[in-house]
Every structure is written in C-alpha cells, then in structure tokens.
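In our numbering, the protein residues as written are 294 to 864.
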C-alpha cells in the first residue's frame, strides 16, 4: 500500500481548507493569554507524555481545546498548525527534512476532530462544565483515533481489532485531564487569575507526571515482558512446526484422550493439519483399528509409565513414537509425545536382513554340502569295496550309521526352516522346568550327573509355545551332559533381573569353551562337539527370540559353562 492514496489526499484537501478558513476568520481579543497558550502548546508538543500503552501523547491538544473554548475554531487551528510544525521539526531534526504531505494529513485530521469538538461544545453549552468538558474531550480523542486508524488502514492495508481498541483505554487519561483542567480555566477572566490558575495546574501537572512516570515505567516493563513472552511462544511454535519429526500432547477428558498440541513437519507429511487434530481424539483422524491400538499406549503413559515406545505406519510412513507423562504434585496432568520418521531406516534394515539371509543361505548350503559329502564319501568307499568282492557284514552297519547321520542333518535343517507356531499359552515356569528335567531321570544316572535346583522367583508365569521352548531347554541340558563326560553337577536356577524379566540359568561343571570360540556359537555348522552341526543352538536362538527373549553364554576352560535364557514374565 502507498502513503499517498484517496483517503490521505482528502485529508490534505481538508487541511488546505482549514488553513484558508483560519486566515479568513482569525480574530483574537486577548493576545497575551493567546500567545501564552500557544507557548504551552509548543512545549507540550515538543515533550510528549508517554502513556502506559506505550503511546507518546502530545499534550498540546489540551491547550488547543482551551483556545477552542475561549477564542473559537480558527484560533484553535492556528495554535494546532504551529504546535504540529514544531513537533514535526523535532522528529525530522530539520525543517528541510519535514515530510510535508504527512504534515498536511495531520492538520486535516486535527481540523475534523476540533470541528466535531466545537459542534459538541455548542450542543452541550447548557450542561455542567465538567460534563461538557468530558463530552468535548471524548469526542475529540475518539474522532482523532478513528481518523488515525483510517490512515493506517489505507497505508499498511490492515488494522487489527487489538490495534484499534487497545489504545482506547489509555486515552481515558488525557480525557480525564481535560475534564479536570478545562472547566477550571474557563471560569477565570482576569489575567492575574489566569496566571495563578495556570501556575497551580503547572505544578500539579509536574507532580502528576513525576509520580505517574514510575507507574508508566512499571507498565512498560510488564508490556515488554509480555511481548518477550509472546515472541518466545512464537519462536517455540516456529521451532516445533519446522522440526523434522512431530511433537504432540494429550490429556484425558471424559475417558477420552484429547490432543492439546500437534505440530511438526512429520504431521503434515502424514496428512494432518492442526485444526483437524487439536481438540480431537485419535479416532477422529486415524483408522479406528489404529486408534484403538495407539490408545493402549496412551493409556499406559497416562497411568504413569515412563518412556512408552511404539512403532506405527500410516500413509506409507513408518514412525517411532515415545510418550512421557507430565506430572504435577505426583499426578499425571498431561502426556507429551514425539515421533520420528524411521521409514528409511526400516528399509535399510530390511535390505541388510535380506543380505544376511542370503549370506546365511549360502553358508547353510555350503555347510550342508560339506556335512552330507562326508557320509556320501564313506558310503561310496564301502560300495567300491563291495564291488571288489571284499564284503563284510559290519560295512552294512557303517552304511546305516552314515545314512542316519545325513538324516539328522536334514532333520535339523528342516527344524530351522520350519515356521514357528504362535499358539502361546500361560505356563508356570518352575513346573515347566521340572517337567523338562524329569525327561533326563535315566540319563543323569547313566552319566553320573547331579541336577540341583535354585528357584528364587515366587510363582513365575510366562507366555510360551511349550513344545518349542522345551526343545530349547532339552538342547541346553543335553549339551551340558555332553560337556561332562566323566560326570559332574548341573545347577538350574531362576531369578528376576528386572521387574518383568525372568533369568533361567543353566550352569555345568564341564570342560568349558575357549573364549575365542564363544562369539561363533549359534552360527550354522559351527560346533564344539566332534560330530555337532551347530544347528541345534541356532534353532534355540530363534525360538527364544520368538518368545521376546535372549540367550547369553559364558564359559571358562576346565571350569564350566553357564547358559542364561531371559524371558518376559506375565501376571
């Protein structure tokens, strides 16, 4: 928008008319008092009073209104023109640098304001002087404020409601000053009385300005603090809006989780906008099945659980979310959450997993070829002997043994490749261990192995697929027996390492495993046993992972091996 527009041109024409009317109708009866008031107008315009709203109020209009009362509109406008000239000179530092178009626009605004005040003065002549002064001052200030808002609207293009109505409260201060001062000056006619009254008002004004300056400074500090807080809030909102992830908050209302904050670049990429999310529950903007699943995580955080983490997928974007409760006086009042896009990371993980699968497949193929080739070589040699006529009965036993060996390799391999059942059920861990140990009643006697138990968890329960988990425990116990060819002790113990994790420890007193071989345990076709394939332990690892658990192995040569299976407990 331009400073020169139809509205400001009209005000400039009004100013030209005002100057012309002032020249024609100007008439003064008391030059001494008039010049004294003009001097006050110039001083008050050169040194404006800063109101609590931050507006610099040029108090010269008080003198102009008094001149309006005593000498009429033309004399009032001459004092206004002179006062404005000095005010513009002060701001421009030089008469040459004065922006004369703005000056004429200001004269036009003041002329219209004083003209309305002059009309009101005639309509309220019969009223109490204080009421009359209040009416005149209110009309003048309101008219001037409206005209100024019109200038700003045409120049800048917009005037907010706050910008228009905000200063009106503080404009009551000069209106009250007019109401007090003008009637006192209007009732005096003698020069000495004028001088006495003006001296009294000058001292009173200085006292009021001095004591009100502290009040003004305090209000200014508060306003500056509010502005700083507003800027900080804007900066925080901008930071949240432009972060790559997403930040959100919610609280419970009427047994529903209502979002109070939702912002970040990820929000827009997921297809959301704040207006459709804030104040709403999940089911209003995501599919119902996803809302129900996510609300279960919301409930955990609202119940006080720290750092609830979950993954989700929406509109082709995989995200990782974290929830933390906000507490006041020990009570959760809100939950704050954050989300990050992990789509690329997941894709990279999938690519890496496929590469690992291919590598494992190649390793398995090479291992199977090697393991099967050895028995085939043996069988081929025996057949060659049989063809040469050197036939012995024990050769048949050897052929059967090698075929059984190949069959075992294929069985282990199929077990590894077989998909796992998901029919998990709630099982008592100690009873389950006892049932497994019972299978080795005869073998432990034959091998001279003592099995000791140290169960320290009170009534532990787990979710498991019994046949598969029993296969893991059997494999561990069987390996322990084979590690103690001359007999020994096997201790099976349980304890809690974290609030919801059970540790099942199998400790034997066998030969132990060299430290450099521990890292390779679980790899296919790597075994510390003479005829082992390593597939049994690999299968065990996979079964335990399927149960959201882990296997840890520690060993020391000639001391023994400890295998720990960690599984989550359930209530």
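Using N, Cα and C, we set each Cβ at its ideal position, and we do this for glycine too.
Q: Note down the Cα distance separating residue 518 from residue 454, rounded to an integer number of angstroms.
A: 22 Å
Q) Going by beta carbon distance, what residues of the same chain come within less than 6 Å of residue 636, once the five residues before and after it are set aside? A) 610, 611
Q: Would you check if there are 3 or more beta carbon pairs closer than 8 Å linking the stretch 414 to 430 to the stretch 376 to 393?
A: no
Q | Those residues which DSSP pairs with residue 849 across a bridge | A | 853
Q: Could you tell me if residue 860 is buried or exposed, where buried requires 16 or more neighbouring beta carbons within 10 angstroms of its beta carbon?
A: By the neighbour-count criterion, in which a residue is buried when 16 or more other Cβ atoms sit within 10 angstroms of its Cβ, residue 860 is buried.
Q) Excluding five sequence neighbours on each side, which residues of the same chain lie with their C-beta closer than 6 Å to the C-beta of residue 821? A) Confidence at residue 821 is low in this model, with a pLDDT of 44, below 50, so the placement of that residue is unreliable and no value is reported for it.
Q. Taking the alpha carbon of residue 626 as the point to measure from, which residue in 803, 596, 638 has its own alpha carbon closest?
A. Checking every option, the nearest Cα to that of residue 626 belongs to 596.
Q) Under the three-state reduction of DSSP, which class applies to residue 567: helix, strand or coil? A) Per DSSP, reduced to three states, the secondary structure at residue 567 is helical.
Q. With a Cβ-Cβ cutoff of 9 Å, do residue 436 and residue 409 count as a contact?
A. yes
(Q) Assuming contact is defined by CB atoms lying nearer than 9 Å, are residue 362 and residue 414 in contact in what I supplied? (A) With contacts defined as CB atoms closer than 9 Å, residue 362 and residue 414 qualify as a contacting pair.
Q: Please name the residue in 311, 672, 634 whose C-alpha comes closest to that of residue 695.
A: 672
Q.
I need the straight-line Cα distance from residue 803 to residue 785, nearest angstrom please.
A. Approximately 14 Å between the Cα atoms of the pair.
Q) Residue range of the beta strand (DSSP E) that residue 603 falls in? A) 601 to 607
Q: Let me know the alpha helix (DSSP H) ranges lying completely inside the stretch 707 to 772, each 4 residues or longer, listed in chain order.
A: Segments of the alpha helix (DSSP H) lying fully in the stretch 707 to 772: 722 to 731, 734 to 739.
Q | Sequence-distant residues of its chain with Cβ nearer than 6 Å to residue 632 (five each side left out) | A | 538, 539, 559, 612, 614
Q: Can you check DSSP and say which residues form a bridge with residue 612?
A: According to DSSP, which records beta bridges pairwise, residue 612 is partnered with 605, 634.
Q.
For residue 550, list the residues DSSP reports as bridge partners.
A. 545
Q) By the 10 Å Cβ neighbour count, where 16 or more other Cβ atoms means buried, how is residue 310 classified, buried or exposed? A) Looking at its Cβ environment, which holds fewer than 16 other Cβ atoms inside 10 Å, residue 310 is exposed.
Q) Who are the near neighbours of residue 781 in its chain, counting only those whose CB is closer than 7 Å to its CB and skipping five residues on each side? A) 742, 801, 802, 803
(Q) Between which residues of its own chain and residue 776 is the CB-CB distance below 7 Å, once the five residues before and five after are set aside? (A) Within the same chain, residue 776 has close Cβ partners 801, 803, 804, 854.
Q.
Taking contact to mean 3 or more Cβ pairs, one atom from each stretch, closer than 8 Å, check whether the stretch 716 to 736 and the stretch 751 to 760 are in contact.
A. Taking 8 Å as the limit for Cβ pairs, the verdict is that the stretch 751 to 760 does touch the stretch 716 to 736.
Q. What is the rounded straight-line gap between the Cα of residue 793 and the Cα of residue 590?
A. The alpha-carbon atoms of residue 793 and residue 590 are separated by roughly 18 Å.
Q | Close-in-space but distant-in-sequence residues of the same chain around residue 375 (CB under 8 Å, 5 per side omitted) | A | 331, 334, 335
Q. So, are the CB atoms of residue 798 and residue 837 less than 9 Å apart?
A. no
Q.
Given this structure, state the Cα-to-Cα distance separating residue 847 from residue 834, to the nearest angstrom.
A. 15 Å
Q: Give me the Cα-Cα distance between residue 691 and residue 730, rounded to the nearest whole angstrom.
A: 33 Å
Q) Does residue 860 have its Cβ less than 9 Å from a Cβ in chain B? A) No chain B appears in this structure, which consists of one protein chain only.
Q.
Short of 6 Å in beta carbon distance, which residues of its chain neighbour residue 823, apart from the five on each side in sequence? Order them along the chain.
A. Note that residue 823 scores 43 on pLDDT, short of 50, meaning its location in the model is unreliable; the coordinates nonetheless yield the value given after this. Answer for residue 823: no residue qualifies.
Q) Which partner residues of residue 782 appear in the DSSP bridge assignment? A) 743
Q: Kindly indicate which three-state DSSP category residue 438 falls into: helix, strand or coil?
A: helix
Q.
Are the CB atoms of residue 357 and residue 325 within a distance shorter than 9 Å?
A. no
Q) Taking DSSP as the reference, what is the three-state secondary structure of residue 472? A) Helix.
**Q.** Run of the beta strand (DSSP E) containing residue 799, from where it starts to where it stops
**A.** 794 to 801
Q. Can you tell which of 748, 618, 574, 400 has its C-alpha closest to the C-alpha of residue 588?
A. 574
Q) Considering only residues of the same chain and omitting the five flanking positions on each side of residue 747, which have a CB-CB separation below 6 Å? A) 786
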